[in-house]
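**Student:** Quick one: the structure is below, and I'll ask about it shortly.
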C-alpha cells in the first residue's frame with residue numbers, strides 16, 4: 001500500500017481539515033498520553049511491551065511507522081499492533097533488552113496528540129550522555145482512555161548510526177544486530193540503488 005493511502009487510512013479523515021476535533025476534554029486526552037508515558041516506564045520494568053496494546057488502544061485502532069520507507073509497518077487492529085509494534089518490534093527477546101523509549105514531551109490539540117520520544121540505547125557515552133535518537137508520534141485519542149490511531153516517525157539513518165556507535169562501545173545486542181540492524185541496512189542500501 002502506498003504511503004499516501006496508509007496516511008489517509010490512518011487519519012480516518014479524507015476532508016483535509018486541519019482543525020482538531022473537540023470531542024473530549026483536554027484533561028481526558030492529557031490523562032491518556034500520561035498513562036502511555038507511564039506504561040512505557042512500566043514496560044521497561046517488566047521487560048514486556050505487548051500488554052500496552054490491550055491497555056491503551058481501541059480494538060479497531062491503527063498504527064503506522066514507515067521506517068524510512070524501507071520496512072513500513074501498518075497495523076489495522078489492536079491485535080496487529082500487539083503483534084507488530086509492541087510485540088515483535090519491542091518485546092524482550094527481539095534484542096531490545098536495555099533499551100528504553102521515554103516520552104519526553106507532548107502537546108494536545110482537541111483529540112490529537114503530538115508526542116516526542118527517544119530511542120534510548122543501553123549504557124551511556126563516556127561524557128555521560130545517553131545513546132539516543134529522537135522520534136515523534138501523531139496520536140488520535142478515541143475515548144475511554146484509549147487511542148484510535150498512531151503514526152510514528154524517526155530518522156532511520158540516525159538510528160543505524162546509533163546502532164553502529166553502540167556496537168563500537170560493545171553495547172549492541174547480537175540478536176538485535178542480526179535480526180533488525182543488518183536487515184534494515186540491507187533494505188536501505190537496496191532502496192538507494
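In full-length UniProt numbering, the protein residues as written are 1 to 193.
C-beta: ideal position from N, C-alpha, C; glycine also.
(1) Give the straight-line distance between the Cα atoms of residue 107 and residue 171, rounded to the nearest whole angstrom.
(2) When the Cα atoms are used, what is the spatial distance from residue 97 to residue 175?
(3) For the candidate residues 74, 55, 182, 57, whose alpha-carbon lies nearest to that of residue 64?
(4) Classify residue 86 as helix, strand or coil using the three-state DSSP reduction.
(5) Use the C-beta contact count for residue 46: other C-beta atoms within 10 angstroms, 16 or more gives buried, fewer gives exposed.
(6) For residue 109, list the residues DSSP reports as bridge partners.
(7) Any idea which residues DSSP pairs residue 103 with across the strands?
(8) Evaluate the contact criterion for the stretch 121-128 versus the stretch 67-85: three or more CB pairs, one atom per stretch, below 8 Å.
(9) To the nearest angstrom, how far is it from the Cα of residue 36 to the Cα of residue 180?
(10) Taking 8 Å as the limit between beta carbons, can you name the residues of its chain near residue 120, skipping five residues before and five after?
(11) Use the C-beta contact count for residue 78: other C-beta atoms within 10 angstroms, 16 or more gives buried, fewer gives exposed.
(12) Tell me where the beta strand (DSSP E) around residue 181 begins and ends.
(13) Going by DSSP, what residue range makes up the beta strand (DSSP E) through residue 135?
(14) Determine the DSSP secondary structure at residue 73, reduced to helix, strand or coil.
(15) In three-state DSSP terms, what is residue 56?
(16) Are the CB atoms of residue 95 and residue 173 within a distance shorter than 8 Å?
(17) Can you tell me whether residue 67 is helix, strand or coil according to DSSP?
**Tutor:** In terms of the structure at hand:
(1) 33 Å
(2) 10 Å
(3) 74
(4) helix
(5) exposed
(6) 112
(7) 117
(8) no
(9) 25 Å
(10) 99, 100, 101, 102, 130, 131, 132
(11) buried
(12) No beta strand (DSSP E) holds residue 181; DSSP gives it neither H nor E.
(13) 130-141
(14) strand
(15) helix
(16) yes
(17) helix
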